[in-house]
Amino acid sequence: MAPLRRTSPVRRPLVLGAVCLALVVSLGLADPAAAAGAGASTSARNAAVRPTAKAAKPTAAQVKGARRAAGKGGVTALRTLHALPGSAGVHIVWDDPDLGSHLGGVRIGSTSTVLLNSRRLSGRPALARDVVRHEIAHIYQGRLMRTHHLTWAQLGRRLAPTFGTNSQEKVADCVARSFGARWTGYTSSCSGAAKRAWVKAMIGGYLPRR
Numbered sequence: 076m077a078p079l080r081r082t083s084p085v086r087r088p089l090v091l092g093a094v095c096l097a098l099v100v101s102l103g104l105a106d107p108a109a110a111a112g113a114g115a116s117t118s119a120r121n122a123a124v125r126p127t128a129k130a131a132k133p134t135a136a137q138v139k140g141a142r143r144a145a146g147k148g149g150v151t152a153l154r155t156l157h158a159l160p161g162s163a164g165v166h167i168v169w170d171d172p173d174l175g176s177h178l179g180g181v182r183i184g185s186t187s188t189v190l191l192n193s194r195r196l197s198g199r200p201a202l203a204r205d206v207v208r209h210e211i212a213h214i215y216q217g218r219l220m221r222t223h224h225l226t227w228a229q230l231g232r233r234l235a236p237t238f239g240t241n242s243q244e245k246v247a248d249c250v251a252r253s254f255g256a257r258w259t260g261y262t263s264s265c266s267g268a269a270k271r272a273w274v275k276a277m278i279g280g281y282l283p284r285r
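Residue numbers (the numbering used here): 76 to 285.
Structure representation (structure tokens):
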């Protein structure tokens, strides 16, 4: 897909797409039926959360809101997020205008916000689950960027020897697959010690040894 960058003076670029838009960071996965960030600044409290800490069990109000947004797909997305390591301090925003028709996304550098498309995920719990598994990897990437003072491009260059082109998306797919995802939009090739080391490090909040 041709690069697409939706920005404004006060927003960071989004990563869109699974058929992702190259200059944008990870608005995650393209719809399999179609294909075959200025993230909110993180508070000091969120920045201090342990990398692998899980969010608390969703409240009844959160579940109700997710169901209202996207039915069973919304509830599945919420519960999946809260069950993943590193989800403490992370929340879902439904139908951000910058998301367009993409299933989900994360603004470059965001450590706290996953954007999801209610229309695309409503009634599709399995897809919602795998989209969230992919998108949280971009949250992990934002944390690594912040901790180690890396740009999106610099992170990509570190990943490239192991994952090749579009490395940030491919490692996000491998993270998703480590969590049990069955569908990923960029790669299903996640074997090998180097790839496993990156997946483990990304979830754990550190950079693997070079």
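For each residue, glycine too, the CB sits at the ideal point set by N, CA and C.
Boundaries of the beta strand (DSSP E) around Thr188: Thr188 to Leu191. Proximity to Lys132 across Gly164, Pro283, Ala228 and Ile214 peaks at Gly164, based on C-alpha coordinates. According to the DSSP assignment, Arg218 belongs to the alpha helix (DSSP H) that extends over Pro200 to His223. In the three-state DSSP reduction, Arg182 falls in the strand class (E or B).
Residue pairing by DSSP places Trp169 opposite Leu191 in a beta bridge. C-alpha of His177 to C-alpha of Leu282: approximately 29 Å in a straight line.
Of the candidates Leu225, Ile278, Arg232 and Ala269, Ile278 places its Cα closest to the Cα of Val250.
It is roughly 20 Å from the alpha-carbon of Trp258 to the alpha-carbon of Leu174. Taking the C-beta atoms as reference points, Leu153 is found no nearer than 8 Å to Lys129. Within the same chain, Cβ atoms closer than 7 Å to the Cβ of Ser253 are found at Val274, the five residues on either side in sequence being excluded.
Residue state for Gly148 is assigned as helix, using DSSP reduced to three classes. Per DSSP, reduced to three states, the secondary structure at Pro133 is coil, with no helix or strand assignment. As the crow flies, the alpha-carbon of Gly217 is around 4 Å from that of Gly184. As summarised for the segment 214-274, the continuous alpha helix (DSSP H) elements at least 4 residues long and confined to that stretch are 227-238 and 242-253, given in chain order. The residues Leu190, in chain order, have a CB closer than 7 Å to that of Asp171 in the same chain once the five nearest residues on each side in sequence are set aside. Remark: C-beta atoms of Ser187 and Ala145 do not approach each other more closely than 8 Å.
Our two residues, Val206 and Gly179, have alpha carbons roughly 7 Å apart in a direct line. Pairing Asn192 with Arg143, the inter-Cα distance amounts to about 13 Å.
A direct Cα-Cα distance of roughly 32 Å separates Arg204 from Arg285. Taking the Cα positions, Thr222 is about 22 Å away from Phe238.
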